[in-house]
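Undergrad: Dropping the structure in here first, questions after.
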Amino acid sequence: MSKQFDVVVIGGGPGGYIAAIRAAQLGFQVACIDEWKNAAGGPAPGGTCTNVGCIPSKALLQSSEHFEHANHHFADHGISTGTVKMDVAKMIARKDNVVKQNNDGILYLFKKNKVSFFHGRGSFVQAAAGGYEIKVAGKEEEVITGKQIIIATGSNARAFPGVAFDEETVLSNDGALRVGAVPKKLAVIGSGVIGLEMGSVWRRLGADVTILEGATAFLPAVDEQIAKEAKKAFDKQGLKIELGVKIGDIKTAKKGKATNVSIAYTNAKGEAVELVADKLIVSIGRVPNTIGLNTEAVGLQLDERGAIVVDGDCKTNLPGVWAVGDVVRGPMLAHKAEEEGVAVAERIAGQHGHVNFNTIPWVIYTSPEIAWVGRTEQQLKADGVAYKAGTFPFLANGRARALGDTTGMVKFLADAATDEILGVHIVGPMASELISEAVVAMEFKASAEDIARICHAHPSLSEATKEAALAVDKRTLNF
């Protein structure tokens with residue numbers, strides 16, 4: 049007889065491991081299945097986020113930022129460093145250690161919360177009495193049974209049509225995090241989060257980076273004023289971003305012992321261009337991962353994108369089967385998956401789990417950082433919403449001046465009649481941290497005046513949020 053569980057979670061990424069832990073805290077017998085392996089073949093829970101996404105990319109961004117500061121900014125502070133060198137192998141090893149610490153932390157939390165962990169690929173076998181049989185294909189194959197199933201299998205990198213990832217020359221986010229030496233020339237297709245962050249890492253370390261983007265506008269999902277400010281900063285840094293391009297043939301070729309890649313494209317002027325690079329990062333989005341899930345065995349419904357179809361509560365078309373995170377509709381963000389994971393566990397327990405898609409923050413961890421929550425100015429205009437806008441530059445912020453980083457601004461958008469905050473957009477230092485105040489404010493339906501009247505520490509970057517809120521009503525204290 050197979051092992052019986054109240055809840056079986058398939059996938060141990062942010063949505064899955066959080067759902068499993070919360071379900072266990074609510075008194076359920078819980079199993080979590082995850083197939084990620086570390087270099088030694090052992091379990092590495094945490095999904096794309098921990099293993100080849102959020103966590104390792106931030107480790108490399110931090111290392112490369114230190115290198116950039118040592119080379120270009122320490123002298124401004126009176127610090128003499130001499131020749132600064134980057135040991136790429138040691139940087140990658142540090143990144144790998146950060147990843148392992150997070151993997152081990154998740155395994156510890158499973159043990160602490162009495163979650164049974166199964167290392168292997170989970171897939172449906174069949175519906176069973178009061179639940180579903182799930183096969184775990186690991187070192188040994190076994191079948192477990194769950195009354196409730198939560199699918200949190202995440203997403204995979206989308207390959208460019210006709211060009212497979214080899215993770216040596218043509219790289220996904222995975223290969224981009226394992227480059228063994230600084231490439232002389234790096235090409236990136238796609239100027240989204242992954243393209244900008246990985247492009248920034250290798251540009252700081254000395255690579256000649258060109259980012260090719262099909263859209264004619266830079267970061268069209270970002271508030272236009274903020275995107276323009278960010279683009280100016282990236283241009284100044286030497287990150288080459290070409291917009292409105294049409295990609296043609298992509299070919300790899302041996303050049304001595306090395307392999308390079310050529311990208312033929314038409315630029316915005318209609319001119320034919322060939323770009324030859326040592327490495328190519330393809331970052332054109334991600335696709336829901338249902339590979340090997342055996343959805344047809346139980347009749348689980350997928351949409352035209354291959355995502356699992358769910359309702360507003362993350363219920364699928366099957367009773368007792370739920371899905372969260374990248375494998376369902378909505379933004380592919382780790383924290384969105386976490387929120388859905390908690391909400392589903394609470395719904396299974398008869399509680400009222402809550403996810404507000406309108407207050408999910410977005411962050412691009414470049415320098416300057418870009419962060420936002422709520423609607424953009426172009427969205428408000430398109431929807432015919434009467435609004436007021438207020439901005440405040442970090443150039444006028446005392447803490448930013450002391451940091452030596454005055455790039456960017458904070459922007460508030462508020463309802464013209466009620467003053468309720470409709471969106472907050474930040475480009476500049478520590479935007480990823482500053483945006484949380486806006487998320488809290490919007491969750492509680494705060495007005496711009498509420499933020500303007502809250503005491504903010506002086507000097508602090510958060511004073512720029514207060515000033516932007518004040519500017520909604522054309523006022524300023526200008527610390």
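Residue numbers (my numbering): 49 to 527.
We put the CB at the ideal spot given by N, CA and C, even for glycine.
Suppose contacts are defined by Cβ-Cβ distances below 8 Å. Is Val-520 in contact with Gly-432 by that definition?
TA: Taking the sequence shown and counting its residues from 1, one reaches residue 520 at position 472. Taking the sequence shown and counting its residues from 1, one reaches residue 432 at position 384. No, the Cβ-Cβ distance between Val-520 and Gly-432 is not below 8 Å.
Undergrad: For the beta strand (DSSP E) containing Asp-256, list its first residue and its last residue.
TA: In the sequence shown, counting from the first residue as 1, residue 256 sits at position 208. Element bounds for Asp-256: 256-260.
Undergrad: What's the call for Asp-196, buried or exposed, on a 16-neighbour Cβ count within 10 Å?
TA: Taking the sequence shown and counting its residues from 1, the one referred to as residue 196 is at position 148. Looking at the sequence itself, residue 196 is Gln, so the reference to Asp does not match. Classification for Gln-196: buried.
Undergrad: Measure the alpha-carbon distance for Ala-255 versus Asn-404 and round it to whole angstroms.
TA: Working through the sequence shown from its first residue, we reach residue 255 at position 207. Working through the sequence shown from its first residue, we reach residue 404 at position 356. The alpha-carbon atoms of Ala-255 and Asn-404 are separated by roughly 40 Å.
Undergrad: With three or more C-beta pairs closer than 8 Å as the rule, is the region 269-277 touching the region 296-310?
TA: No, the region 296-310 is not in contact with the region 269-277.
Undergrad: Go through the region 219-278 residue by residue and report every complete run of the beta strand (DSSP E) that reaches 3 residues or more, in order.
TA: 233-237 and 256-260
Undergrad: When DSSP labels each residue in this structure, what does His-125 get in the three-state scheme?
TA: Taking the first residue of the sequence shown as position 1, residue 125 is located at position 77. Of the three classes helix, strand and coil, the one that applies to His-125 here is helix, per DSSP.
Undergrad: Alpha carbon to alpha carbon, how far is Phe-213 from Arg-334?
TA: Counting from one through the sequence shown, the residue named residue 213 turns up at place 165. Counting from one through the sequence shown, the residue named residue 334 turns up at place 286. Looking at the two C-alpha atoms, the distance is approximately 13 Å.
Undergrad: With a CB to CB cut of under 6 Å and the five nearest residues on each side skipped, what residues in its chain are close to Asp-144?
TA: For the purposes of this step, residue 144 is identified with residue 96 of the sequence shown, where counting begins at 1. Excluding residues within five positions, none has a Cβ falling inside 6 Å.
Undergrad: DSSP three-state label for Asn-404, please.
TA: Residue numbering aside, residue 404 sits at position 356 when the sequence shown is read from its first letter. Note: Asn-404 maps to coil in three-state DSSP.
Undergrad: Drop a sphere of 10 angstroms on the beta-carbon of Val-270, count the other beta-carbons inside from all chains shown, and report buried for 16 or more, exposed for fewer.
TA: Walking along the sequence shown from the start, residue 270 turns up at place 222. Buried, because 16 or more other Cβ atoms sit within 10 Å of the Cβ of Val-270.
Undergrad: Which two residues bound the contiguous alpha helix (DSSP H) that contains Leu-350?
TA: Counted from its first residue, the sequence shown places residue 350 at position 302. First-last for Leu-350: undefined, no H or E at that position.
Undergrad: Buried or exposed for Cys-362, going by 16 or more other Cβ atoms inside 10 Å?
TA: Here residue 362 is taken as the residue at index 314 of the sequence shown, counted from 1. Per the 10 Å Cβ criterion, buried.
Undergrad: Compare the C-alpha of Lys-436 against each of Gly-422, Gly-243, Leu-461 and Ala-419 and name the closest.
TA: Numbered from 1 along the sequence shown, position 388 holds the residue referred to as residue 436. Taking only the C-alpha atoms, the option nearest Lys-436 is Leu-461.
Undergrad: At which residue ranges does the region 427-452 contain complete beta strand (DSSP E) runs of 3 or more residues, listed in the order of the chain?
TA: 435-441
Undergrad: Give the DSSP-derived three-state secondary structure of Ala-281 in the structure shown.
TA: Residue numbering aside, residue 281 sits at position 233 when the sequence shown is read from its first letter. Residue state, collapsed to three classes: helix.
Undergrad: In whole angstroms, what separates the C-alpha of Ile-474 from that of Glu-417?
TA: On the sequence shown, position 426 is the one that residue 474 refers to. On the sequence shown, position 369 is the one that residue 417 refers to. Roughly 8 Å separates the two Cα atoms.
Undergrad: Since Leu-366 contacts Leu-348 with CB under 8 Å, what's their CB separation in whole angstroms?
TA: Your numbering for residue 366 matches position 318 in the sequence shown. Your numbering for residue 348 matches position 300 in the sequence shown. Indeed they touch by this definition, with Cβ atoms about 6 Å apart.
Undergrad: So which of Ser-480, Gly-389 and Leu-428 has the shortest CA-CA distance to Ala-464?
TA: Here residue 464 refers to the residue found at position 416 when the sequence shown is read from its first residue. Taking each of Ser-480, Gly-389 and Leu-428 in turn and checking the Cα distance to Ala-464, the smallest one comes out for Leu-428.
Undergrad: To which residues does DSSP link Cys-80 through a beta bridge?
TA: For the purposes of this step, residue 80 is identified with residue 32 of the sequence shown, where counting begins at 1. Per DSSP, Val-57 and Phe-165.
Undergrad: My understanding is that Asn-161 touches Gln-73, with C-beta atoms under 8 Å, so please give their C-beta distance in whole angstroms.
TA: For the purposes of this step, residue 161 is taken as the residue at position 113 of the sequence shown. For the purposes of this step, residue 73 is taken as the residue at position 25 of the sequence shown. The distance from the Cβ of Asn-161 to that of Gln-73 is about 6 Å, consistent with a contact at the 8 Å cut-off.
Undergrad: The alpha helix (DSSP H) spanning Asp-463 covers which residue range?
TA: Looking up residue 463 in the sequence shown gives position 415. Unbroken run through Asp-463 is the beta strand (DSSP E), 457-463; no alpha helix (DSSP H).
Undergrad: Which one of Lys-187, Ile-483, Lys-85 and Ser-171 has the shortest CA to CA distance from Val-369?
TA: As a working mapping, residue 369 is identified with position 321 in the sequence shown. That would be Ser-171, whose Cα lies nearest to the Cα of Val-369.
Undergrad: Mind pulling the alpha helix (DSSP H) runs of 4 or more residues that sit fully within the region 99-146?
TA: 102-120
Undergrad: Once the 5 residues before and after Met-134 are set aside, which same chain residues still bring their CB inside 6 Å of it?
TA: For this step, residue 134 is matched to residue 86 along the sequence shown. Correct list, in chain order: Phe-115 and Leu-253.
Undergrad: How far does the alpha helix (DSSP H) with Ser-310 in it reach, from first residue to last?
TA: Counting from one through the sequence shown, the residue named residue 310 turns up at place 262. Here Ser-310 belongs to no alpha helix (DSSP H); instead the beta strand (DSSP E) covers 306-314.
Undergrad: If the criterion is Cβ atoms closer than 8 Å, does the pair Gly-389 and Gly-202 meet it?
TA: For the purposes of this step, residue 389 is identified with residue 341 of the sequence shown, where counting begins at 1. For the purposes of this step, residue 202 is identified with residue 154 of the sequence shown, where counting begins at 1. For Gly-389 and Gly-202, no; Cβs fall outside 8 Å.
Undergrad: Grab me the residues of Glu-497's own chain with a C-beta within less than 6 Å of its C-beta, minus the 5 sequence neighbours each way, in chain order.
TA: Taking the sequence shown and counting its residues from 1, the one referred to as residue 497 is at position 449. Counting only Cβ-Cβ distances below 6 Å, and skipping sequence neighbours, we find Asp-467.
Undergrad: Based on DSSP bridge pairs, tell me the residues matched to Ala-325.
TA: Stepping through the sequence shown from its first residue, residue 325 is reached at position 277. Note: Ala-325 sits in a beta bridge opposite Val-309.
Undergrad: With Arg-334 as the anchor, note down where its beta strand (DSSP E) starts and where it stops.
TA: Counted from its first residue, the sequence shown places residue 334 at position 286. Going by DSSP, Arg-334 is part of the beta strand (DSSP E) stretching over 334-336.
Undergrad: For Ala-278, I'd like the list of residues in its chain whose CB is within less than 6 Å of its CB, leaving aside the five on either flank, ordered along the chain.
TA: Translated into positions along the sequence shown, residue 278 becomes position 230. So the qualifying residues of the chain are Ile-418 and Val-475.
Undergrad: Determine the direct distance from the alpha carbon of Ala-79 to that of Gly-90, and round the result to whole angstroms.
TA: Position 42 of the sequence shown holds residue 90. Position 31 of the sequence shown holds residue 79. Going from the Cα of Gly-90 to the Cα of Ala-79 covers about 18 Å.
Undergrad: Let me check one thing: in DSSP terms, what residues is Lys-85 bridge-paired to?
TA: Here residue 85 is taken as the residue at index 37 of the sequence shown, counted from 1. Pro-91, per the DSSP bridge assignment.
Undergrad: Taking 8 Å as the threshold (C-beta atoms), are Pro-477 and Leu-451 in contact?
TA: Indexing the sequence shown from 1 puts residue 451 at position 403. Indexing the sequence shown from 1 puts residue 477 at position 429. Yes, the Cβ-Cβ distance between Leu-451 and Pro-477 is below 8 Å.
Undergrad: Once you ignore the five residues that flank Gln-77 on each side, which residues in its own chain have a CB closer than 7 Å to its CB?
TA: The residue given as residue 77 occupies position 29 in the sequence shown. Phe-53 and Asp-54.
Undergrad: Could you check whether Val-173 and Ala-371 sit closer than 8 Å to each other, using their CB atoms as the reference points?
TA: Numbered from its first residue, the sequence shown carries residue 371 at position 323. Numbered from its first residue, the sequence shown carries residue 173 at position 125. Not a contact, by the Cβ cut-off of 8 Å.
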